[in-house]
Every structure is written in C-alpha cells, then in structure tokens.
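2 protein chains.
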Amino acid sequence: MEFSSRLLERAVNEMSQLPGIGKRTALRLVLHILRQPKEQTVALSEALQAMRNEVKFCSSCHNISDQDLCELCANPNRDSSTICIVEDIKDVMAIENTSSFKGTYHVLGGKISPMDGIGPHDLNIESLVKKVKEGTINELIFALSSTMEGDTTNFYIYKQIQEYQIFTSTIARGISVGDELEYADEITLGRSIVNRIPFETSLKH
Amino acid sequence: MEFSSRLLERAVNEMSQLPGIGKRTALRLVLHILRQPKEQTVALSEALQAMRNEVKFCSSCHNISDQDLCELCANPNRDSSTICIVEDIKDVMAIENTSSFKGTYHVLGGKISPMDGIGPHDLNIESLVKKVKEGTINELIFALSSTMEGDTTNFYIYKQIQEYQIFTSTIARGISVGDELEYADEITLGRSIVNRIPFETSLKH
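Sequence order for the protein chains is A and B. Quick note on the working numbering: the first sequence kicks off at 18 and runs consecutively. Quick note on the working numbering: the second sequence kicks off at 18 and runs consecutively.
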C-alpha cells in the first residue's frame with residue numbers, strides 16, 4: 018500500500034499491530050479518526066496509556082483491578098472459600114454476567130501449552146496452591162475451556178492439590194439451553210446423557 | 018458489560034467509538050494491548066496523535082499529505098492538465114495502485130447527499146471549478162461511485178464547468194476482468210454492451 022503521508026503510514030502501521038486488524042481495516046479506522054474532533058484522538062490515546070501504565074492485577078485472584086485487591090476479592094459478601102479457576106479476565110466477566118456465582122475467582126492468565134512455550138511457571142498456579150495449603154478453601158471449580166491444553170492445566174493443578182481435603186468440581190458440559198439435539202456434537206451429547214441430573218434439580222433454575 | 022477496573026472500562030469505551038468495533042472487540046483489543054510491552058502502547062498513541070495534529074491536506078488536490086503540496090501534485094512528471102475527481106483518499110490510493118494513471122487528482126471529500134446533510138459547499142468543489150476557470154485543464158475524469166449521490170455530484174460539477182472548453186469523461190463501467198457474464202447484473206452488462214470498445218484497443222492492455 019502506497020501512502021501519500023508518512024504520518025498516516027505510521028498510524029496505519031501501528032494500528033495494524035492489533036489482532037484481527039489488517040492494513041485495510043487500519044486505514045479505515047485511521048481515516049475515521051482524522052474526520053473526528055481532535056479531542057477524541059486525545060481521549061483514546063490517553064485512555065490507552067493510562068490503562069497500560071496504571072492498571073493493576075489483584076494480588077489475590079490476579080483479576081484486572083484499580084486497587085491492590087479487586088472489588089470481588091474485597092467484597093465481604095462473596096464466598097472466598099469457593100474459588101473458580103479461569104483462564105483470563107474475559108471469563109470472569111462472562112461468569113459475573115450470569116449472576117449465578119457468589120464465590121471468588123482465580124485468574125491463571127492462560128493455559129499450559131508447550132506448543133506456544135507456556136509452561137506451568139508462566140501461569141498463576143503457585144499462588145493458587147499456596148491458598149489451598151493455607152486451608153481456607155473448601156471448593157475449587159475448574160472452569161477452563163475443554164481443550165487439550167485446558168485439560169492438561171486442570172490435571173496439573175489437580176495433582177498439586179489432591180493431597181489436601183478440598184472438594185473439586187468442573188463446570189457442567191452439555192447441550193446449550195435452546196439448542197437442538199440433532200445438531201449437537203457426539204461428545205457433548207454423550208457427556209450430557211452420562212452426567213444427567215435429577216429432573217427436580219433442573220426445575221429450580 | 019461489568020468491568021472490574023475503571024481504567025479498563027474507559028479504554029474499552031474509547032476504543033469502541035471506532036467504526037465497526039463493538040464493546041466485545043474493543044475488550045479483545047485492549048486486553049491484547051495489556052499483554053504487549055508498554056512501548057507499543059506509547060507508539061500507537063503517539064502515532065495517532067501526531068497524525069491527527071500534524072497531517073495536512075494538499076492545497077491543490079486536497080489529498081492527505083505531509084507538505085503543503087502533496088507528492089503527486091508536486092511531481093513534474095505527472096500531467097496536471099488531466100484531473101481525476103474522486104470521493105476520498107482511499108480512491109486515490111486505489112487508482113495509484115493500478116499504475117495506469119499519470120494525471121493528477123482532485124479529492125472531493127465525499128458526495129452530495131442531502132439525506133446525510135452533505136451539500137455542495139461541504140465538498141471541495143469550488144477549488145476544482147476555480148482550477149477549470151484558470152484554463153490550465155484539458156480533461157476532467159469523473160471517478161465517483163455510481164450511486165445516486167455519485168451521479169448527483171457528477172452532474173452538479175458538470176453544470177458548473179460545462180461552459181468551459183474542456184473534455185470530460187467517466188471511468189468505464191463493465192464486467193470485471195475474470196467475472197462470468199451469467200452472474201453480472203443487467204445494468205452493468207447492458208452498459209458494457211452499449212459502450213463496447215474496438216477489439217484492437219482491448220489488445221493493448
């Protein structure tokens with residue numbers, strides 16, 4: 018792509034570093050920015066820089082936070098003895114949106130993935146095991162995605178904490194609410210039959 | 018969407034002001050930025066601000082430029098008596114990529130569109146008419162998109178300059194190279210038959 022301005026070219030190049038944004042999309046975004054008031058560009062740049070420089074990660078659950086301890090961990094109404102283990106911040110937001118969980122979280126920051134060079138020590142596993150050792154935890158809920166990497170991570174953590182007397186669970190896998198059985202994949206449908214629940218339980222939701 | 022950090026929320030909100038970027042995509046982009054080195058955020062912010070504050074528009078053709086006169090207008094090898102009228106900067110880049118045009122451009126900055134509140138005076142039409150009046154122009158090529166707004170704009174400009182002795186043309190409409198006739202729309206196919214060109218001419222390209 019030939020640009021008639023170095024400034025434009027630099028902005029497009031920086032913008033196209035973002036995931037899923039190619040040169041063409043970057044150009045469209047940058048030309049949009051050019052048409053907007055200068056204040057908007059300043060607001061965007063400052064918001065990004067402020068976030069990048071000032072944002073903290075909760076010292077307990079590693080969720081993104083403005084304070085040392087995030088709002089969820091600091092909330093006395095949340096059950097800190099039940100911990101839901103998730104991959105990243107987006108998963109916390111997704112579960113929070115359901116309003117169905119009153120425990121706290123532990124954000125690993127990824128999954129064990131030798132292919133991508135991510136080992137157990139790149140994740141927040143040690144601090145989780147430490148919490149378990151301290152003996153204040155009753156239940157650990159594994160809520161990683163059910164891929165090979167997710168299962169490996171689950172198993173790695175399980176091996177570290179199995180000697181302690183805590184209850185472990187994983188989120189239920191099954192047919193999505195509203196989905197048709199005929200289009201479901203065999204593994205999901207198979208699991209949802211094997212792990213069926215009492216009919217009375219299903220009426221409660 | 019509930020955010021555990023105001024800084025994150027602000028960055029996502031600013032990011033989602035961009036066209037085609039919703040809250041979810043903005044969150045994905047912002048979390049990606051968080052994982053990258055700080056220098057990259059600084060580079061992106063500075064590139065956007067520098068572009069927004071310092072970029073100029075060519076005083077002759079209104080193309081984006083770092084100087085008062087853009088590279089195309091300043092180039093003595095380009096034929097400044099042949100002017101191709103386009104909607105915006107992206108069209109200049111598209112035509113330049115073909116390497117088939119050695120004239121210069123005139124960027125209108127949009128099309129006349131009463132529905133969007135864009136009248137002739139919001140576009141760079143006056144400076145074009147002034148160039149024609151000065152008598153240095155031989156040919157005007159209309160290269161706006163063939164929508165109702167594009168046709169209106171073409172006609173508006175044509176009415177202003179028709180009293181002067183210049184040649185006007187529009188880019189050829191027809192079947193795209195490599196396209197199959199059976200899938201072409203009737204208007205395009207009809208125009209391509211009516212405006213057929215000598216076979217010998219087509220061999221030259």
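Quick reminder that beta carbons are idealized off the backbone N, C-alpha and C, glycines included.
Could you spell out the range, first to last residue, of the alpha helix (DSSP H) harbouring residue i?
i      : result
B:T164 : First-last for B:T164: undefined, no H or E at that position.
A:C90  : 88-91
A:D108 : 106-115
A:I204 : 203-211
B:F216 : 216-220
B:I129 : Where B:I129 is concerned, there is no enclosing alpha helix (DSSP H), given that its DSSP letter is neither H nor E.
A:G62  : In the sequence as displayed, the identity of residue 62 of chain A is Ser instead of Gly. Element bounds for A:S62: 55-71.
B:V47  : 40-52
B:R23  : 23-32
Are the beta-carbon atoms of residue i and residue j separated by less than 7 Å?
i      : j      : result
A:L161 : A:G167 : yes
B:L24  : A:E71  : yes
B:L174 : B:S98  : The question names Leu, but residue 174 of chain B in the sequence shown is Ile. No, the Cβ-Cβ distance between B:I174 and B:S98 is not below 7 Å.
B:L48  : B:M32  : no
B:R81  : A:S22  : According to the sequence as given, residue 81 of chain B is Ile; it is not Arg. Their beta carbons are under 7 Å apart, which means B:I81 touches A:S22 by this criterion.
B:V124 : B:C78  : yes
B:A28  : A:L65  : yes
B:G126 : B:N114 : no
I need the straight-line Cα distance from residue i to residue j, nearest angstrom please.
i      : j      : result
A:D202 : A:A189 : 16 Å
A:V86  : A:Y122 : Reading off the sequence shown, one finds Leu at residue 86 of chain A, where the question assumed Val. C-alpha separation (whole angstroms): 12 Å.
A:Q57  : A:T164 : 41 Å
B:I183 : B:M18  : 59 Å
B:I50  : B:I106 : 29 Å
A:P54  : A:Q84  : 33 Å
A:V194 : B:E104 : 49 Å
B:K40  : B:T169 : 37 Å
B:T185 : A:F20  : 28 Å
B:Y200 : B:K148 : 42 Å
B:Q34  : A:Q34  : 19 Å
B:I38  : A:A67  : 20 Å
B:E156 : B:S117 : 16 Å
A:M110 : B:K73  : 43 Å
B:E63  : A:G207 : 53 Å
What residues in its chain sit with their C-beta under 6 Å from that of residue i, if we drop five residues either side in the sequence?
i      : result
B:D96  : K119, G120
B:V211 : none
B:S209 : G191, I192
A:S130 : E166
B:T218 : none
B:Q177 : V146
Is residue i buried or exposed, if buried means 16 or more other CB atoms sit within 10 Å of its CB?
i      : result
A:D108 : buried
A:K128 : buried
B:L220 : exposed
B:L61  : buried
A:R69  : buried
B:L44  : buried
B:F216 : exposed
A:I214 : exposed
A:L198 : exposed
Might you give, ordered along the chain, the residues of its own chain that have their beta carbon closer than 8 Å to the beta carbon of residue i, omitting 5 neighbours on each side?
i      : result
A:T187 : I158, F159, A160, N171
B:T205 : R190, G191, I192
B:K150 : Y181
A:N94  : K119
The beta strand (DSSP E) spanning residue i covers which residue range?
i      : result
A:H123 : 120-124
B:E156 : 156-159
B:I102 : 96-103
A:S186 : 184-187
Quick check: is any heavy atom of the ligand ATP less than 6 Å from the C-beta of residue i?
i     : result
B:L65 : For the ligand ATP, the structure offers nothing, since it holds no ligand at all.
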